[in-house]
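Residues 1 to 238 (the working numbering) make up the sequence shown, in order.
See below for the structure under consideration.
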Amino acid sequence: MPYHAGLDDPTRARNQDLFARDEADVVVATIAFGMGIDKSNVRYVIHREMPRSIESYYQEIGRAGRDGLASDCVLLYSWADVVSHERFQDGMEDPDLRHDAGRKTRAMFDLAEMAGCRWANLVAHFDESIAACGTACDACGGTSFADLVRPARAASTRPAVAAAPAPDGELFQRLRALRRQLADTEGVPAYIVFSDAVLARMAATRPTDDAELLAVPGIGPSKLARYGAAFLRLLRED
């Protein structure tokens, strides 16, 4: 689904709405797209070129996995990106701003080239310190981009980092379909009903009554009263 300045306003609004409602799985867009969207279940953020600064990169990858489930961020970059950004920065009239922008761009390139844990290196830029993630980045887990795009011959043995148990895939999709139906009826984004993390927990634990549904993190009395009956009907049918 495209989203860029070349589209008219109604088309951009329609495409954004489809993505927010989980009716479109992928959006190819400029960086401004995600600024106004509070969507918790973004599973991938893929940069086809390097952002202009570490601060921008940190903000942009922060749109992935807000529901607590495992998500992937992929950065494609080269020195040509630095050249492209600096060519744009050459048009800045203030020499101090131009110098600062260039410094930030080169720092972003240095971060991408740096050895060691990606997460530890990233937060170090903001004067924070964490232990190496161990498995959640390509540097620690030993996964190259070629491994990500090449069809696997065998299942990976790398431990999962998801915050919720693995759901029943078919049931999970049926729960998502019900969520979309309820969201469309109320005219709200799907995540307002329940997040993917909540649906994943439902599909994994299969609650059968109100008490068990209330035990699912993310479901309180208000949402139980509003949506509980519909989801329990579906779960009992399975």
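In this text, a Cβ means the ideal position worked out from N, Cα and C, and glycines have one as well.
- Would you report the Cα separation of Y3 and C73, rounded to the nearest angstrom? 19 angstroms
- Among the residues of its own chain, which have a CB less than 6 angstroms from the CB of V82, if the five just before and after it don't count? T105 and F109
- the segment 197-206 / the segment 214-222 touching (three or more Cβ pairs under 8 angstroms): yes
- Item | Touching by the beta-carbon criterion (3+ pairs, under 8 angstroms), the segment 16-24 and the segment 180-189 | yes
- Message: Let's see if you can read the secondary structure: which residues bound the alpha helix (DSSP H) around H4?
- Response: Counting along the chain, H4 falls outside any alpha helix (DSSP H), and DSSP gives it neither H nor E.
- Indicate the three-state DSSP secondary structure (helix, strand or coil) for H125 in the structure shown. coil
- So I130 is in the alpha helix (DSSP H); what residue range does that whole segment cover? Counting along the chain, I130 falls outside any alpha helix (DSSP H), and DSSP gives it neither H nor E.
- Message: DSSP three-state label for C117, please.
- Response: coil
- In whole angstroms, what separates the C-alpha of V30 from that of Y58? Per the sequence presented here, residue 30 reads as Thr, with Val not at that position. Distance between the alpha carbons of T30 and Y58: 16 angstroms.
- Message: Taking the beta strand (DSSP E) that D72 belongs to, which residues open and close that run?
- Response: D72 to L75
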